[in-house]
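*Asks:* Numbering (our numbering), first residue to last: 242 to 616. The structure's right below; bear with me while I get my questions together.
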Ligand SMILES: Cc1cc2nc3c(=O)[nH]c(=O)nc-3n(C[C@H](O)[C@H](O)[C@H](O)COP(=O)(O)O)c2cc1C
């Protein structure tokens, strides 16, 4: 049998990944205690996908500072209690043979909103009386008419944000994560700096693309310096703002290449999220062309994401070099054991079916031969 691309293992630095079916970061807004510490929900939610045979699980947007949370119910990595709780969860993921990654994030002007499980941050600002705070951003431009006008970060504050990413990366590595994904997409702080629609600064963090990318490149370089050469760094980008005057795939290709030079290994190619009122032509695989563009023009590895649900389509994306791997998001929430199904659909041999579940493994039934099935 010829190798099946989606089930071909890959190695990034010292990280071996058993296949190319990955789980993207997906916020759960589930920390009722408001302390950023993951508990049973995360253990079961992430653990079940690890049991299901996935190659890599990227933990949701995890705040590097309390004021960098989207909601008060977000998870965090700004203290050692959080690190300790994550380590327990990572232990189980790794025991199941999956790679554990964590998306580190600062929500910028989209911080401090009421949780909404249907759409991240659509339910309006969280008032201070209920535990909210005034968000910070590159410029004092609100996300939309319902949002608070954020406070513009002073240049002198930026190093402390970079340092918070570095400290969170240290804790993540200590907790056993082997991939750090830096969230520079969907209108959160690092994307806000990248996009001219949300960054009108006149200092060295605004103006040219190089200046707008400065904070992101510092984060990548500092995280790399902190975690050493063995672990992997991904950067999630919005390849376009879908808006005139906003980020373009060409800009993002350039920044992806700079990030690679600063120490990142993979561009995670998403889109949008920084401005409202735009038309996004969503549909099956609608962001894959951006992945292909960035992969070819910047010569970086990419992971494709967005409305990819069919293993045959995903296999083709990898086989034709449009991406190196595929994130299946909502499909994993519908079916945490999606990888089992994908293996059956593609006829892939999967020698990491969990021993406890072996009796549920589909058997090939050959016409004319009797099949002994033990229930
Ligand atoms: C419930 C939910 C939460 C999400 N949270 C995050 C997040 O924490 N960070 C992020 O970069 N993207 C987040 N996303 C976007 C997903 O990572 C992914 O890009 C998106 O769901 C498209 O992939 P899909 O069509 O396979 O679901 C979220 C999406 C969903 C549905």
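Glycine included, C-beta positions come from ideal geometry on N, C-alpha and C. If you're wondering where the values come from, they're calculated on a predicted model, not measured in any experiment.
What first and last residue would you give for the beta strand (DSSP E) that runs through residue 477?
*Replies:* That run of the beta strand (DSSP E) goes 473-479.
*Asks:* Do the CB positions of residue 263 and residue 296 come within less than 8 Å of each other?
*Replies:* Yes.
*Asks:* Can you tell me where the alpha helix (DSSP H) holding residue 533 begins and where it ends?
*Replies:* Run containing residue 533: 529-539, per the alpha helix (DSSP H) assignment.
*Asks:* Which residues in the same chain as residue 561 place their Cβ atom closer than 6 Å to its Cβ, once the five residues preceding and following it in sequence are excluded?
*Replies:* Excluding residues within five positions, none has a Cβ falling inside 6 Å.
*Asks:* Which runs of the beta strand (DSSP E) spanning at least 3 residues fall entirely within the segment 558-606, listed in chain order?
*Replies:* Here the runs fully enclosed are 566-568.
*Asks:* Just checking residue 280 against ligand 3 - is the residue's beta carbon closer than 7 Å to any of the ligand's heavy atoms?
*Replies:* Within the structure as shown, ligand 3 is missing, the only ligands being ligand 1.
*Asks:* List the endpoints of the continuous alpha helix (DSSP H) containing residue 495.
*Replies:* Element bounds for residue 495: 490-503.
*Asks:* Please determine, among 474, 344, 249, the residue with the shortest C-alpha to C-alpha distance to residue 424.
*Replies:* It is 344.
*Asks:* Do three or more CB pairs link the segment 564-580 to the segment 264-275 at distances below 8 Å?
*Replies:* These segments touch.
*Asks:* Is the segment 526-535 touching the segment 546-556 in the sense that three or more CB pairs, one from each, lie closer than 8 Å?
*Replies:* The segment 546-556 is in contact with the segment 526-535.
*Asks:* Could you tell me the boundaries of the beta strand (DSSP E) in which residue 345 lies?
*Replies:* Taken as a continuous stretch (DSSP letters only), the beta strand (DSSP E) holding residue 345 covers 340-346.
*Asks:* Within 10 Å of its beta-carbon, does residue 524 have 16 or more other beta-carbons around it, so buried, or fewer, so exposed?
*Replies:* Exposed: under 16 other Cβ atoms inside 10 Å.
*Asks:* Please identify the residue among 504, 600, 508 whose C-alpha is closest to the C-alpha of residue 490.
*Replies:* If we check each option's Cα against that of residue 490, 508 comes out closest.
*Asks:* Closest to residue 431 by C-alpha separation, out of 456, 494, 412, would be which residue?
*Replies:* Among 456, 494, 412, the Cα nearest to that of residue 431 is on 456.
*Asks:* Measure the alpha-carbon distance for residue 493 versus residue 602 and round it to whole angstroms.
*Replies:* The alpha-carbon atoms of residue 493 and residue 602 are separated by roughly 43 Å.
*Asks:* Between which residues of its own chain and residue 468 is the CB-CB distance below 7 Å, once the five residues before and five after are set aside?
*Replies:* Cβ within range, chain order: 410, 414, 421.
*Asks:* In whole angstroms, what separates the C-alpha of residue 557 from that of residue 274?
*Replies:* If you take the alpha carbons of residue 557 and residue 274, they lie about 43 Å apart.
*Asks:* Report back the beta-carbon spacing between residue 372 and residue 313 to the nearest angstrom; my notes put them in contact at under 8 Å.
*Replies:* Right, their Cβ atoms sit about 5 Å apart.
*Asks:* Which one of 445, 247, 258, 514 has the shortest CA to CA distance from residue 298?
*Replies:* Residue 258 is the option with its Cα nearest to residue 298.
*Asks:* I'd like to know if the segment 366-382 and the segment 333-343 are in contact, where contact means that at least 3 CB-CB pairs between them fall below 8 Å.
*Replies:* Output reads no: the segment 333-343 does not touch the segment 366-382.
*Asks:* Helix, strand or coil for residue 456? Go by DSSP, reduced to three states.
*Replies:* Helix.
*Asks:* By how many angstroms is the C-alpha of residue 594 removed from the C-alpha of residue 248?
*Replies:* When rounded, the distance between both Cα atoms is 13 Å.
*Asks:* Taking buried to mean at least 16 other C-beta atoms within 10 Å of its own C-beta, is residue 439 buried or exposed?
*Replies:* It counts as buried.
*Asks:* Residue 445 lies in the beta strand (DSSP E); which residues open and close that run?
*Replies:* Run containing residue 445: none; DSSP gives neither H nor E here.
*Asks:* Have a look at 277, 497, 533, 487 and flag the residue whose alpha-carbon is nearest the alpha-carbon of residue 515.
*Replies:* Selected option, being the one with the closest Cα: 487.
*Asks:* According to the Cβ coordinates, are residue 589 and residue 245 closer than 8 Å?
*Replies:* A contact, by the Cβ cut-off of 8 Å.
*Asks:* Quick one: what's got a C-beta closer than 7 Å to residue 454's C-beta in the same chain, skipping five residues either side?
*Replies:* Contacts found: 435, 496, 499.
*Asks:* Keeping to the same chain, check which residues put their C-beta closer than 7 Å to that of residue 598; ignore five residues upstream and five downstream.
*Replies:* Closer than 7 Å at the Cβ level, and outside the excluded window around residue 598, lies no residue.
*Asks:* Taking only the alpha-carbon atoms, compute the straight-line gap between residue 303 and residue 512 and give it to the nearest angstrom.
*Replies:* Approximately 19 Å between the Cα atoms of the pair.
*Asks:* Is the beta carbon of residue 426 less than 8 Å from the beta carbon of residue 479?
*Replies:* Yes, the Cβ-Cβ distance between residue 426 and residue 479 is below 8 Å.
*Asks:* Run through the DSSP bridge pairs and tell me what residue 422 is partnered with.
*Replies:* Bridge partners of residue 422: 344, 475.
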